[in-house]
Amino acid sequence: MAGETVITVTGNLVDDPELRFTPAGAPVARFRIGSTPRTFDKQANEWRDGESLFLTCSAWRQLAENVAESLTRGARVIVTGRLKQRSYEDHEGIKRTAYELDVDEVGPSLKNATARITKASRTNTAQPAQPPTADPWNSTPQPPQYADEPPF
Numbered sequence: 612m613a614g615e616t617v618i619t620v621t622g623n624l625v626d627d628p629e630l631r632f633t634p635a636g637a638p639v640a641r642f643r644i645g646s647t648p649r650t651f652d653k654q655a656n657e658w659r660d661g662e663s664l665f666l667t668c669s670a671w672r673q674l675a676e677n678v679a680e681s682l683t684r685g686a687r688v689i690v691t692g693r694l695k696q697r698s699y700e701d702h703e704g705i706k707r708t709a710y711e712l713d714v715d716e717v718g719p720s721l722k723n724a725t726a727r728i729t730k731a732s733r734t735n736t737a738q739p740a741q742p743p744t745a746d747p748w749n750s751t752p753q754p755p756q757y758a759d760e761p762p763f
């Protein structure tokens, strides 16, 4: 949508995703991601950590189920979504502001890991899933069979 702040954050999951369902039955996965910038200090000849950013993320529907099934605490991920600001009063009456991320896409970072992708089956399709057809590019062509030739 126009006017929304879309950001991409790379970081580690602080905890396991928590999958819940709305009263209407829509799945939602909530998880937190932590990201700490690092800069190299040339004078000290060492890396220094900056201030960490922690964001609560919400993924909805099929993405929520895939996140809950695929990701665990400590996993390095790349998350893209819409940044949301929420203001509230805490139990002591102090006004606070929280920033959260409505996730559009999430995936594992392959910088220091490998991943095997498995396509999830769709559960709410209007037509039943058709079995995959033979891949013509993945088979060895067979010579034509004639009535007077023995089979190979």
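Numbering-wise, my numbering puts 626 at position 15 of the sequence shown, and it's gapless, one number per residue.
Backbone N, C-alpha and C define an ideal beta-carbon position, used for all residues, glycine too.
What runs of the beta strand (DSSP E), each 3 residues or longer, lie entirely inside the stretch 640-682? 649-652, 657-660, 664-671
Tell me the DSSP secondary structure of K722 in three-state form. The residue labelled residue 722 in the question sits at position 111 within the sequence shown. Here K722 sits in coil by DSSP.
Which residue from D713, V620, G685, I644 puts its Cα closest to that of A724? Locating residue 724 in the sequence shown gives position 113, where the first residue counts as 1. Considering only alpha carbons, the answer is G685.
Beta-carbon proximity of R631 to V639, cut-off 8 Å: As a position in the sequence shown, residue 631 is number 20, starting the count at 1. As a position in the sequence shown, residue 639 is number 28, starting the count at 1. Contact flag set, yes.
Between V625, G692, S681, G645, which has its C-alpha nearest E615's C-alpha? The residue labelled residue 615 in the question sits at position 4 within the sequence shown. Looking at the Cα atoms, G692 is the closest of the given residues.
Near D715, what residues of its chain come up, given a Cβ to Cβ distance below 6 Å and the 5 sequence neighbours on each side ignored? Indexing the sequence shown from 1 puts residue 715 at position 104. So the qualifying residues of the chain are T691, G692.
Look at the alpha carbon of E676 and the alpha carbon of Q654, and state the distance between them as a whole number of angstroms. Start at 1 with the first residue of the sequence shown, and residue 676 comes out as number 65. Start at 1 with the first residue of the sequence shown, and residue 654 comes out as number 43. Cα to Cα, E676 sits roughly 47 Å from Q654.
Taking the C-alpha atoms as reference points, what is the distance between E703 and L721? By one-based count along the sequence shown, residue 703 stands at place 92. By one-based count along the sequence shown, residue 721 stands at place 110. Taking the straight line from one Cα to the other gives about 43 Å.
Grab me the residues of L666's own chain with a C-beta within less than 6 Å of its C-beta, minus the 5 sequence neighbours each way, in chain order. Here the question's residue 666 lines up with position 55 in the sequence shown. Excluding residues within five positions, the ones whose Cβ falls inside 6 Å are I644, L712.
Bridge partners for D713 per DSSP, in chain order? Here residue 713 refers to the residue found at position 102 when the sequence shown is read from its first residue. Answer by DSSP bridge pairing, in chain order: S669, R693.
Assigned secondary structure, T729 (DSSP; H/G/I helix, E/B strand, else coil): Position 118 of the sequence shown, counted from the first residue, corresponds to residue 729. Three-state result, T729: coil.
Boundaries (first-last residue) of the beta strand (DSSP E) holding R631: Taking the sequence shown and counting its residues from 1, the one referred to as residue 631 is at position 20. From DSSP, the beta strand (DSSP E) with R631 extends over 629-632.
Determine the contact status of L694 and I618, defining contact as a CB-CB distance below 8 Å. The residue given as residue 694 occupies position 83 in the sequence shown. The residue given as residue 618 occupies position 7 in the sequence shown. Contact flag set, yes.
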